[in-house]
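Have a look at the structure below, then the notes.
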Amino acid sequence: MKKTLLRGLFNVLPLVLSIWLFWSLFESLDEVGSFLFGLVHITELFKGAGFLLILTLLFIAGLLFSVSPIAWLYDFVIRQLMRFPFFKTVYSSINDIASLMSSDNKNKSQQTVLVHQANNTYVVGFIMSNDTPEPLTNALPDGDWVPVLFPLSYQIAGITTLVKREDLTVVDWSFEDAMRYNLTAGISVSAKEGKEKEQQITDHAINEPK
0 MKKTLLRGLF NVLPLVLSIW LFWSLFESLD EVGSFLFGLV HITELFKGAG FLLILTLLFI
60 AGLLFSVSPI AWLYDFVIRQ LMRFPFFKTV YSSINDIASL MSSDNKNKSQ QTVLVHQANN
120 TYVVGFIMSN DTPEPLTNAL PDGDWVPVLF PLSYQIAGIT TLVKREDLTV VDWSFEDAMR
180 YNLTAGISVS AKEGKEKEQQ ITDHAINEPK
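As numbered in numbering that gives the first Met the number 0, residues 0 to 209 make up the sequence shown, in order.
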């Protein structure tokens, strides 16, 4: 009884939480869009009209940013705003995260690596850049130092450490798969292998001669 209940909980919970998160995002964007409609005195709206407005505006923005004059004007405005230290810190952090998550990200320096520890264990990390700021290189001993990110499992957090390139073992593993492995402490891979094994057993049972 207990195992059956837990099995149902662990299978249904991810789906419920995912739906809840997407619904919360939908509600938030719908409210913003409804507010924009209200600015032009449009109040009789169907559910989701605000959400569709936001999607339309984002699509139009994507088209506009493909036009050189618009992209140049946007970059000019951002450069002026970057003169303010607090804005620069916040914007740069958010922009870096967005660029990292973007499918258009062409940065090939995000290599998956292993770093050997003193107790003969290894930590999975990621080379985030091939360039180290000059103030750091001047303070560090001679060597080819690179920033390596070590994400923390089940947390939106991590530690950036400067490591000599010669001490890194490069792994032929995609950034997305390795990051998922790190964030879930390897459970995502174990679950995938378990489902594949279960599918193999099911297929064998179906195809087995009676």
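Backbone N, C-alpha and C define an ideal beta-carbon position, used for all residues, glycine too. Keep in mind it's a predicted model, so treat the numbers as computed, not measured.
According to DSSP, is Ile-18 helix, strand or coil? helix
Comparing alpha-carbon positions, which option in Val-147, Asn-137, Val-114, Pro-140 lies nearest Ser-128? Val-147
Pick from Leu-54, Pro-150, Gly-49: whose alpha carbon is nearest that of Ala-184? Pro-150
Helix, strand or coil: how does DSSP classify Ile-126 here? strand
With DSSP collapsed to three states, give me the class of Thr-3. The three-state reading of DSSP puts Thr-3 in helix, counting H, G and I together.
Leu-12 (DSSP reduced to helix, strand or coil): Helix.
Based on Cα-Cα distance, which residue from Leu-35, Trp-22, Asp-166, Leu-44 lies nearest to Ala-117? Asp-166
Kindly confirm or deny that the stretch 135–145 and the stretch 80–90 touch, where touching means at least three C-beta pairs closer than 8 Å. No: fewer than three Cβ pairs fall under 8 Å.
Once the 5 residues before and after Trp-71 are set aside, which same chain residues still bring their CB inside 7 Å of it? none
So, are the CB atoms of Phe-25 and Gly-61 less than 9 Å apart? no
Going by other Cβ atoms of all chains shown within 10 Å of its Cβ, with 16 needed for buried, is Ser-173 buried or exposed? exposed
If you count every other CB in all the chains shown that lies within 10 Å of the CB of Val-145, and 16 or more means buried, which is it? So Val-145 counts as buried.
Terminal residues of the alpha helix (DSSP H) in which Val-66 lies: First-last for Val-66: undefined, no H or E at that position.
Does Leu-139 have its Cβ less than 9 Å from a Cβ in chain C? No chain C appears in this structure, which consists of one protein chain only.
In its own chain, which residues sit with a C-beta less than 7 Å from the C-beta of Arg-164, not counting the 5 before and 5 after it? Asp-143, Val-145
Within 10 angstroms of its Cβ, does Ile-69 collect 16 or more other Cβ (buried), or is it exposed? exposed
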